[in-house]
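Trainee: Taken in sequence, the protein lines are chains A and B.
Throughout the first sequence, residue numbering follows our numbering, covering 1 to 241 in sequence.
Throughout the second sequence, residue numbering follows our numbering, covering 1 to 166 in sequence.
Glycine included, each C-beta is placed from N, C-alpha and C at the ideal position.
Since the model is a prediction, treat every value here as computed from it, not as a measurement.
What follows is a structure written as structure tokens; I'll ask about it next.
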Amino acid sequence: MKRLASIMGMPITVEISNIKYQIANRDIEKVFDYLREVDEKYSPFKKTSEVGKLNRGERISKEMEEILRLAQDLKKETKGYFDIKKPDGSIDPSGIVKGWAIKNAADILRQAGYKNFFVDAGGDAEIAGTFKWGIRNPFNVKEIVKVLKLSNCGIATSGTYERGQHIYNPITKEKEIKDIVSLTVIGKDVYEADKSSTPAFAMGRVGIEFIESRSGLEGYMIDKNGIATYTSGFEKYVSLT
Amino acid sequence: MIKKILLSATVLGVFIVYSIHIKTDVEATPVVAIKSPALSGIEPTFTPNPQAISTGPTPAPLATIVPTATPRGKYKDGSYTGAVADAFYGNIQVQAIISGGKITDVVFLQYPNDRRTSIEINTQAMPYLKQEAIQAQSARVAGVSGATASSDAFVQSLGSALQKAI
Chain A
1 MKRLASIMGM PITVEISNIK YQIANRDIEK VFDYLREVDE KYSPFKKTSE
51 VGKLNRGERI SKEMEEILRL AQDLKKETKG YFDIKKPDGS IDPSGIVKGW
101 AIKNAADILR QAGYKNFFVD AGGDAEIAGT FKWGIRNPFN VKEIVKVLKL
151 SNCGIATSGT YERGQHIYNP ITKEKEIKDI VSLTVIGKDV YEADKSSTPA
201 FAMGRVGIEF IESRSGLEGY MIDKNGIATY TSGFEKYVSL T
Chain B
1 MIKKILLSAT VLGVFIVYSI HIKTDVEATP VVAIKSPALS GIEPTFTPNP
51 QAISTGPTPA PLATIVPTAT PRGKYKDGSY TGAVADAFYG NIQVQAIISG
101 GKITDVVFLQ YPNDRRTSIE INTQAMPYLK QEAIQAQSAR VAGVSGATAS
151 SDAFVQSLGS ALQKAI
């Protein structure tokens, strides 16, 4: 069965293969409830959220402290390319919370015993079992340019979206990222894929080298000329059928 | 979910595989590496079997040929140069090479070449990246991961090159 909800400003799709609605629906509802809870807790737009508290200098939860620690580690790993501190000085951990939340949501289904399912949040997904997955053509939303066969892993894409430029280069803040239009990362889970795709995209052309240099990650980068550059191990995910 | 878009597939039914040995320094970024094969392809003569071109100092891995969705016999064989299209970042001009009625290669005659300052990243091992021109696929998929941009200069230039090939 498959269900769709709109949470965190994104379409969330949960599909569990070969199972009846009556059996799986309650578990999918748990996943949606969890993601709504994460949205309440960590939305930078909600005053009562942990992020709101943090930005006002109020006491934060243990979980929020953990997220901040993860964000700090990632900032070091990426030499500053991942930074939850925005140019105006406020903190927005959305970049790390999204992948973390999708992975936790998938864990809810895993713990319930499901083995073939995916949780997809606006194109970033955790996959259990095996599914065919496409990489969208950044120049034409209706097309896919790659067909992948993904098993028990996570996928995330960063890019220049319809909404406009939403990723900036924290090192040279005034410079917009224009050279690369899309960077897809596959990792052992969606948290690993998502947390690396954003900073790697911000790096511009060398972002794909950063992905190549990380163990357990593969990537497919599309530049403004429609040329894709991909990592040495990426082809093992390409579906030939 | 994904519809078969044969027409678009034809336009984007393009393929280049460059196997490139990329170093972290600017001189060897993919943009620069594409340049030499592109220039060598300018002569209007038809190239029968364009294979991957090695630009790196070490032997390149085998090129993989991706089957195109192009219908047979649609275009006349030869090389066709497209119009210069404004990509906002600079101009793009491509040359389409048709063999057996299909697009077998696309050569970039012009493309924006803004050099960036090298960014220090400590790569443990020398990366071994590969390249190809993106190409529309038709397949049923469970989901799609991706971003969308507004640049269609590549499609524009290629489209005009293909007009000449009909």
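1) Secondary structure at G64 (chain A), three-state DSSP: helix, strand or coil?
2) Have a look at R36 (chain A) and M8 (chain A) and give me their C-alpha separation to the nearest angstrom.
3) Which of helix, strand or coil does DSSP assign to Y230 (chain A)?
4) Give the interface partners of W133 (chain A) over in chain B, defined as CB-CB distance under 9 Å, in chain order.
5) If you draw a straight line from the alpha carbon of R140 (chain B) to that of R59 (chain A), how long is it in whole angstroms?
6) Counting only C-beta atoms, is Y80 (chain B) closer than 8 Å to chain A at any point?
7) Compare the C-beta of S160 (chain B) against all C-beta atoms of chain A and say whether one is closer than 8 Å.
8) Would L129 (chain B) be called buried (16 or more neighbouring beta carbons within 10 Å of its own) or exposed?
9) Please compile the residues from chain A whose C-beta is within a distance smaller than 8 Å of the C-beta of A136 (chain B).
10) Count the C-beta pairs between the region 180-190 of chain A and the region 216-228 of chain A that are closer than 8 Å, then say yes if the count reaches three, no if not.
11) Tell me where the alpha helix (DSSP H) around V14 (chain A) begins and ends.
12) Between A125 (chain A) and G143 (chain B), how many whole angstroms is the CB-CB distance? I'm expecting something under 8 Å.
13) Threshold first: 3 residues or longer. Then list the beta strand (DSSP E) segments lying entirely within the region 94-163 of chain A, N to C.
14) Do K195 (chain A) and L54 (chain A) have their C-beta atoms within less than 8 Å of each other?
15) Once the 5 residues before and after S6 (chain A) are set aside, which same chain residues still bring their CB inside 8 Å of it?
16) Rank A:D179, A:V181, A:R214 by C-alpha distance to the C-alpha of A193 (chain A) and give the top, closest one.
17) Would you mind telling me which residues of chain B sit closer than 9 Å to A156 (chain A), beta carbon to beta carbon, in chain order?
18) Taking the beta carbon of R136 (chain A) as the centre, do at least 16 other beta carbons fall within 10 Å, making it buried, or is it exposed?
19) Apart from the five residues just before and just after G123 (chain A), which ones in its own chain have a Cβ nearer than 6 Å to its Cβ?
20) Got a sec: which bits of the region 191-217 of chain A sit with their beta carbon under 8 Å from any beta carbon on chain B, in order along the chain?
21) Counting only the same chain and skipping the five closest in sequence on each side, list residues whose C-beta sits under 7 Å from that of M203 (chain A).
22) Under the three-state reduction of DSSP, which class applies to L217 (chain A): helix, strand or coil?
23) Counting contacts by CB-CB distance shorter than 8 Å, is A105 (chain A) in contact with chain B?
24) On the CB-based measure, 16 or more other CB atoms within 10 Å of its CB, does R110 (chain A) come out buried or exposed?
25) If contacts are defined as beta-carbon pairs under 8 Å, then D88 (chain A) and P44 (chain A) qualify, I think. What distance do you get, rounded to the angstrom?
26) Quick check: what's the CA-CA separation for E15 (chain A) versus T81 (chain B)?
27) Rounded to whole angstroms, what's the CA-CA distance from E52 (chain A) to P199 (chain A)? Just pull it up for me.
Mentor: So, from the data block:
1) Sequence inspection shows Met at residue 64 (chain A); the Gly mentioned does not correspond to that position. Looking at M64 (chain A) - three-state DSSP - the assignment turns out to be helix.
2) Going by C-alpha positions, R36 (chain A) is about 7 Å away from M8 (chain A).
3) Reduced to three states, the DSSP call for Y230 (chain A) is strand.
4) Those within 9 Å of W133 (chain A) in chain B are V141, A142, G143, V144, S145.
5) One C-alpha to the other measures close to 48 Å.
6) For Y80 (chain B), the answer is no, since every Cβ of chain A falls outside 8 Å of its Cβ.
7) With 8 Å as the cut-off, S160 (chain B) does not count as an interface residue toward chain A.
8) Classification for L129 (chain B): buried.
9) Going along chain A in sequence order, the residues near A136 (chain B) (Cβ under 8 Å) are N137, N140, E143, I144, V145.
10) These segments touch.
11) Not the alpha helix (DSSP H): V14 (chain A) falls in the beta strand (DSSP E), residues 10-16.
12) Sure, about 6 Å apart at Cβ, within 8 Å.
13) With a minimum length of 3 residues, the unbroken runs of beta strand (DSSP E) contained wholly in the region 94-163 of chain A fall at 117-121, 124-137, 140-159.
14) No, these two residues do not count as a Cβ contact at 8 Å.
15) So the qualifying residues of the chain are I12.
16) If we check each option's Cα against that of A193 (chain A), A:R214 comes out closest.
17) Per Cβ cutoff of 9 Å: S145.
18) Result: buried.
19) The beta carbon of G123 (chain A) sits closer than 6 Å to those of T157, all from its chain and outside the five residues before and after it, given in chain order.
20) Contacts with chain B (Cβ-Cβ distance below 8 Å) from the region 191-217 of chain A involve M203, G204, R205, V206, I208, E209, F210, E212, S213, listed in chain order.
21) For M203 (chain A), same chain residues with a beta-carbon under 7 Å away, outside a window of 5 residues either side, are Y81, F210 in chain order.
22) Here L217 (chain A) sits in coil by DSSP.
23) It does not; no Cβ of chain B falls within 8 Å.
24) When all chains shown are included, R110 (chain A) counts as exposed.
25) With a Cβ gap of about 11 Å, D88 (chain A) and P44 (chain A) do not count as contacting.
26) Across the structure, E15 (chain A) and T81 (chain B) are spaced so that their CA atoms are roughly 46 Å apart.
27) Residue 52 (chain A) is actually Gly in this sequence, not Glu. About 24 Å.
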